[in-house]
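Okay, so here's the structure we're looking at.
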Amino acid sequence: MMNLFPISSEQLQGLLVAATEKLSFFTQLNQAFSDFVAALKIIFFYPIFGFPIIVLWLIIGGVYFTFRMGLINIKGFSHALAVLSGKYQSGSDDDDQEGEVSPFQAASTALSATVGLGSIAGSAIAIQMGGPGAIVWMSIAGFLGMSSKFVECTLGQKYRQVKPDGSVAGGPMYYISGGLAELGFRPLGSVLGVLFAILCVLGTFGAGNMFQANQSYAALAGVLPFIADRSWFYGLIMALLVGVVIIGGISRIGVVTSRLVPIVVLFYMTGCLWIILSNWEVIPEAVAIIFKGAFSPTAIEGGIVGVIVQGFRRAAFSNGAGIGSAAIAHSATRNDEPVREGIVASIEPLVDTLIICNLTAISIVITGVYKGFAVGEASGIQLTAAAFGTVVSWFPTVLAIAVILFAFSNIVSWSYYGEQAWMYLFGEASTLLYKVIFIVFVFLGSVIELGVVLDFSDMMLIAMSVPNLLGCFLLAGKVGDDLQVYMEKLRLERAMAANTETDTATKEEEYTKK
C-alpha cells in the first residue's frame, strides 16, 4: 500500500517533541526576563505624590530648561529651519570642519531614533493605558522637551572629542565628565559619566532594539499570516539586515537614515491624514474627547495624575528629550557652533511628539477603535493598525511597511549610541563585541512578549535621564552664556546682511538714475 505520509510516526513524534521544547524555551525565557524586569520596576518607578520619581525628574528638567534658556523652544524654531535648509551650510558647516556627518544627517539620525515606533505604537499605548487625554500631556512634554534637547545637544557638541583620524566621540558621558571637571567636580563627573554609559548600553538593548523588533514583528504578523507563528524567522532576518548596516559606523548610518527617514515620515503622515480627512465631520468631537480626558478623566486608574504620568512617560520614550541619546548623534556633526547644533536638535521633539504622535492619536480617537480594546488586550501597533483598517482594508499593510522601515532606522541609529557608550567604558577595540550582542538582542526582541519588553525599555531609557539631567542642571550656566553670545553674533550678522542689501539697493537705484 502506498504511504500517504512523507514521514514516519517516529519522525512526526520527534518533530512534536522538538516543537514543544522550543515553545518551553521561549516560555522560560519570557519568565526569566519578566522576573528581572519586575525587580527593576520597584526601583525605577518608586512613587512620590503619585508620580514615579523618574517621571517627575523629567518634568522638572523640561520646565527648568524652558525658562532658563528664555523659551528657546519658541525663539529658536525659525533659525533651526534655516540651518536645516542649508542657509548656514557655508563657512562653519563645510567639509573642512571637524566631524563626520552634516547637521541634516545628524538630525535625521537622531530623528530616526525617536520618530518611529515610539510615535506610532507609543501614542496607541498612551491612549490604551491613560485614555485619550494622555496625548495632551504627551504634547506638553514634547514642547518642554525641546528645551531639554537643546541643552544636551549643545553640550554634546561643546565637549566632544575629535580623534586624530577625524572620527568623533561625544555625548553625555563626555560632557558630564568634562564639564563637571571644569566646575571642580571631577570625581562626581567621572561617576555620572560611567553610570550614563552603562545605562545607555542597556537602553540601546531595550528601547532602541527589542521594542522596535517586537512591534515591527507584530505589525507584519497582522498582515502576513505566514509569519504569525515564526517570530524567530523575522528576528533572524532583521538581525542580519541590521548587522550589514551597523558594521559601517556613523557615516553609513547617517547616509541611510538621511534618505530613509524623510520618506517614511511622509509616507506615514499621508496615511494618518487620509484617515483624519475621511472622518473630517467627527474631528471636533475627537478633539473634545482628548481635552476632556486630559483634565477630567473618569475611567482611568490614578485619575489625572495617572494620565499625566502616561503622557510624560510615553513622550520620553517617543522623543528622547532629557535622555541624552540624541547628543551622541549631534556631537558628530561638521559644525563649530555648539549652540547652533542645539537649536537644530530642539525641533526633533516637535516633529516627533507634537506632529507625528498627535496625528497617530487623532487617527485612533477619531475612528473610535480604542474603545474596542481593553488595557493589555492588544499591542500598541495593533491598535494603530485597527485605526488604519477602518478606512481602507489594505491600509494595515501600508502601516506594516512603514513600521518595519521605522523600526529598522530606529535600531541602526541606536546601535551607534550604544557603540559610543560601550567605547567610553571598554575602549574602541571591543566595539565588535557590542555589535554582536546588539544583533542578538534584535532577535530576542522578536520572540519576547511586549509587556516585558516595554517595561524593560521604559526603565532603561528613562533611567538615562538621571545622570544626564543632573549634568545638564549643573552645566546650564555655561549653555546660557554660550546662547547669549551666539544670539548676539547672529543679530550682528543679520544686521550686516540687512545693511549690505540696503547698500546694494541704493547703488542699483543710483545706477538706474544715471
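Quick note: to get the working numbering, add 1 to the position in the sequence shown (first position is 1). All C-beta atoms, glycine included, are put in the ideal place defined by N, C-alpha and C. Predicted, not measured: the structure shown is a model, and the values here were computed from it.
Hey, residue i and residue j: beta-carbon distance below 8 Å or not?
i: V152; j: R161; result: no
i: S416; j: W58; result: no
i: T155; j: V392; result: no
i: V404; j: I382; result: yes
i: I463; j: I126; result: no
i: P339; j: Q213; result: no
i: W138; j: F292; result: no
i: P350; j: K150; result: yes
i: S63; j: A322; result: Per the sequence shown, the amino acid found at residue 63 is Gly instead of Ser. Cβ atoms of G63 and A322: closer than 8 Å.
i: A208; j: L426; result: no
i: P165; j: V366; result: no
i: Y418; j: C273; result: no
i: F444; j: G143; result: no
i: L181; j: L475; result: yes
i: A222; j: A386; result: no
i: S140; j: A408; result: no
i: I344; j: A81; result: yes
i: L355; j: V370; result: no
Which of the three DSSP states, helix, strand or coil, is assigned to residue i?
i: P526; result: Only positions 2 to 515 of the chain appear in the structure, and residue 526 is not among them; the question remains open.
i: A333; result: coil
i: I248; result: coil
i: I449; result: coil
i: P133; result: coil
i: F1; result: The chain is shown from 2 up to 515; residue 1 falls before or after that span and cannot be answered.
i: W415; result: helix
i: T354; result: helix
i: W395; result: coil
i: R495; result: helix
i: S466; result: helix
i: I75; result: helix
i: I238; result: helix
i: L406; result: helix
i: R231; result: coil
i: S347; result: coil
i: G323; result: coil
i: Y47; result: coil
i: S86; result: coil
i: E338; result: coil
i: L428; result: Before going further, note that residue 428 is Gly rather than Leu in the sequence given. In this structure, G428 counts as coil in the three-state DSSP scheme.
i: N280; result: coil
i: G472; result: helix
i: M270; result: helix
i: V376; result: Its pLDDT being 48, under 50, V376 is placed unreliably in this model, and the value from its coordinates should be taken loosely. Three-state DSSP puts V376 in coil, outside helix and strand.
i: L225; result: coil
i: M70; result: coil
In angstroms, rounded to a whole number, what distance separates the CA positions of residue i and residue j?
i: I238; j: G244; result: 10 Å
i: V432; j: R492; result: According to the sequence provided, residue 432 is Thr. The question's Val does not apply to it. Whole-angstrom Cα-Cα distance: 44 Å.
i: W233; j: L400; result: 21 Å
i: A496; j: D337; result: 22 Å
i: L241; j: W281; result: 43 Å
i: I277; j: S364; result: 6 Å
i: F439; j: A430; result: 16 Å
i: G325; j: K372; result: 36 Å
i: V224; j: S394; result: 11 Å
i: D353; j: G167; result: 31 Å
i: I247; j: I290; result: 43 Å
i: Y176; j: T398; result: 43 Å
i: G92; j: D482; result: Residue confidence for G92 is low, a pLDDT of 42 falling below 50, so the modelled location carries little weight and cannot support an answer.
i: S79; j: A328; result: 21 Å
i: N215; j: S458; result: 11 Å
i: A287; j: M174; result: 43 Å
i: S178; j: E342; result: 20 Å
i: N210; j: E494; result: 43 Å
i: D95; j: S410; result: Annotation note: pLDDT 48 at D95 (below 50); position unreliable, coordinate value reported separately. Cα to Cα, the separation comes out at about 26 Å.
i: E489; j: T334; result: 23 Å
i: F186; j: S35; result: 38 Å
i: I75; j: A83; result: 14 Å
Give the C-beta separation of residue i and residue j to the nearest angstrom, bearing in mind that I take them to be a contact with Cβ-Cβ under 8 Å.
i: I136; j: N359; result: 6 Å
i: S332; j: G171; result: 3 Å
i: F206; j: F442; result: 5 Å
i: G204; j: M461; result: 4 Å
i: S148; j: T361; result: Rounded, the Cβ-Cβ distance is 23 Å, inconsistent with contact.
i: E450; j: K436; result: The Cβ separation is near 26 Å, so there is no contact.
i: V265; j: L406; result: 5 Å
i: I73; j: S347; result: 6 Å
i: F66; j: A477; result: 7 Å
Does any heavy atom of the ligand NAP sit closer than 7 Å to the C-beta of residue i?
i: Y417; result: As for the ligand NAP, it is missing from this structure, which has no ligand bound.
- Message: Report the start-end ranges of each beta strand (DSSP E) in the region 135-214 that is 3 residues or longer and not cut off at the edges.
- Response: Listed in chain order, there is nothing to give.
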